[in-house]
Each structure stands twice: as structure tokens, then as C-alpha cells.
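Before any comments, here is the structure.
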Amino acid sequence: QVQLAESGGGVVQPGRSLRLSCAASGFTFNTYSMHWVRQAPGKGLEWVAVISYDGSNAFYADSVKGRFTISRDNSKNTLFLQMNSLSVEDTAVYYCARGAVGATGGEPNDYWGRGTLVTVSS
Amino acid sequence: DIVMTQSPDSLAVSLGERATINCKSSQSVLYSSNSKSYLAWYQKKPGQPPKLLISWASTRESGVPDRFSGSGSATDFTLTISSLQAEDVAVYYCQQYYSSLHSFGQGTRLEIK
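Those sequence lines, one after another, are chains S and A.
Heads up, the first sequence is in this note's numbering, so the first residue is 5 and it goes up one at a time.
Heads up, the second sequence is in this note's numbering, so the first residue is 130 and it goes up one at a time.
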């Protein structure tokens, strides 16, 4: 069965960096685009970033562009989110989610991890 | 970027009654070549990841009760729960996946009256 498991969350000071990971299993990872979505405390879902199946294309929400980098290691079935210059507004539960086969758009996010909490605080 | 707007922000419905949530996109998410609207609905409960309920505006995912239905096309969409059950208390989100930037609506909180 499809499983996604995020890790790497924790408490970090403003301006610092953090790297999240998402371990995937139960499907052919290297054929699917993958997404990061976050939910700040008491707020709604916010789409963050997507990466194509081969890592050749990536797109970002304006709120994280230039600070976050999505990447993947298909040999290890793992998705990453490098988060730099963190601010308190980045405090959220971060979810990885499976996307479309091949393309970065065109299909909904059908499987999700349970999320990892990132808290940005001094 | 495509902006998704839901209404209402919150809704209280009696058990067994109908609940209706609306979603509007700032531009059409209807792909003319296949006549499909790239619109999904998710259910979000505290401490759980979002659950995909409906894709392509009206296609129920496997295992989703048939009291959940989706309708609409292009820019205007509706999620209907025909007979509200206690376990349906949640926040519901629409999402467009027409663009690679999969934007969500702000969410609609559904409660029992």
C-alpha cells in the first residue's frame, strides 16, 4: 500500500534553516510528481511546492519562492524540502502528497503523509 | 495564479439534513480537450491528513460514502452532503489541479446544529 512518512520537523529560530524529508513506499516513486502542502495553526491548507517525477521541474508558492527548495532522490524514494530564512509565518504542519504521473499538474493529491510540525520561534 | 474562494466559511447543519458548500475559481479549470474540470474536494479532520473525497469535480473516490457528491464545471462548483452524519464534522477544502500550483480554497468548517 502507498505510504508517505515525513520527518525532520522541529523547533528552529527565525532566520535559520531546516530540511524536511518524505519517505515513500508502495508505489513507483520515480513516475510521480510530488507536492508539499502546509497548514499553519488554526489556518487552512496552503500548497507550497511541486517537483516533477524526474526532478527537472519545480514550482513554488509565492510565499516561499526564493527561500524553499524542493528536491528528490529517486534512488532512495525520498522527497525533500529545504527551508531557508525561516520566519514565524512558516510555522505549520508540513505534508508531502503524491501528485500526477509524469506531469506536475493534472491530477489531485490522492495520498498524503501524516505531516511533520515545524515551529519557528526565538 | 488561480484563486479559489469557498462559501460559506462555516456551516451548521442538523443531523440527517443536507449540507452544501460552494467553491469558485478565479479562472476556468475546465480543460477543453477532455471536457474535465480539474477540481477536487478534501475533508480535513484535526490530527489527520487531508482525505481526497472527490476528483474531476464529481467523481467520488473509492470508499467515500455516496452521501457525498460534487457538481459544477469551469469556475463554479458545489460539494453536497445529502444527509449529514456525526462523522462528517470537519473542514472541507476545494482544490484546483489545472495548474501545477495546486491552490486550495480557504476551507469551510462544517458543524452539527
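Note that the Cβ used here is the ideal one computed from N, Cα and C, for glycine as well.
When you compare each of A:L230, A:A169, A:G192, A:Q224 to W185 of chain A by their alpha carbons, which one comes out closest? A:A169
Paired residues, beta bridge with R76 of chain S - DSSP: S:L83
For T149 of chain A, which residues from the same chain have a beta carbon less than 7 Å from its beta carbon, with the 5 sequence-adjacent residues on both sides left out? T207, T209
Residues of chain S with CB under 8 Å from K153 of chain A, in chain order? Correct list: empty, because the minimum Cβ distance to chain S is about 16 Å.
Enumerate in chain order the residues of its own chain whose CB-to-CB distance from S212 of chain A is below 6 Å, with the five nearest sequence positions on each side excluded. G145, R196
Does any C-beta atom of chain S lie closer than 9 Å to the C-beta of A169 of chain A? yes
Looking at V92 of chain S and G119 of chain S, is the spacing between their C-beta atoms short of 9 Å? no
With burial defined as no fewer than 16 other Cβ atoms inside 10 Å of the residue's Cβ, what is the status of T243 of chain A: buried or exposed? One cannot answer for residue 243 of chain A here, as it falls past the ends of chain A, which runs 130 to 242.
Using only the alpha-carbon positions, how far apart do S166 of chain A and S79 of chain S sit? 34 Å
Roughly how far, in whole angstroms, is the beta-carbon of V54 of chain S from the beta-carbon of S229 of chain A, given that I think they are within contact range, below 8 Å? 6 Å
Assuming T123 of chain S is part of the beta strand (DSSP E), what are its boundary residues? 120 to 124
Where A215 of chain A falls: helix, strand or coil (DSSP): helix
Since Y227 of chain A meets chain S, which of its residues come closer than 7 Å, beta carbon to beta carbon? G109
Could you tell me whether any Cβ in chain A is nearer than 9 Å to the Cβ of R23 of chain S? no
In angstroms with no decimal places, state the Cα-to-Cα distance between T35 of chain S and Y227 of chain A. 19 Å
Please state whether the Cβ-Cβ distance between A258 of chain A and Q172 of chain A is less than 9 Å. Summary: the structure shown does not reach residue 258 of chain A, with chain A confined to residues 130 through 242, and so no result is reported for it.
Report the rounded CA-to-CA distance for A203 of chain A versus S126 of chain S, giving the unit in angstroms. 45 Å
If you reduce the DSSP assignment to three classes, tell me which class D94 of chain S lands in. helix
Distance between beta carbons of L90 of chain S and S21 of chain S, contact taken as under 8 Å: 7 Å
Tell whether a beta-carbon distance below 9 Å holds between K153 of chain A and D205 of chain A. yes
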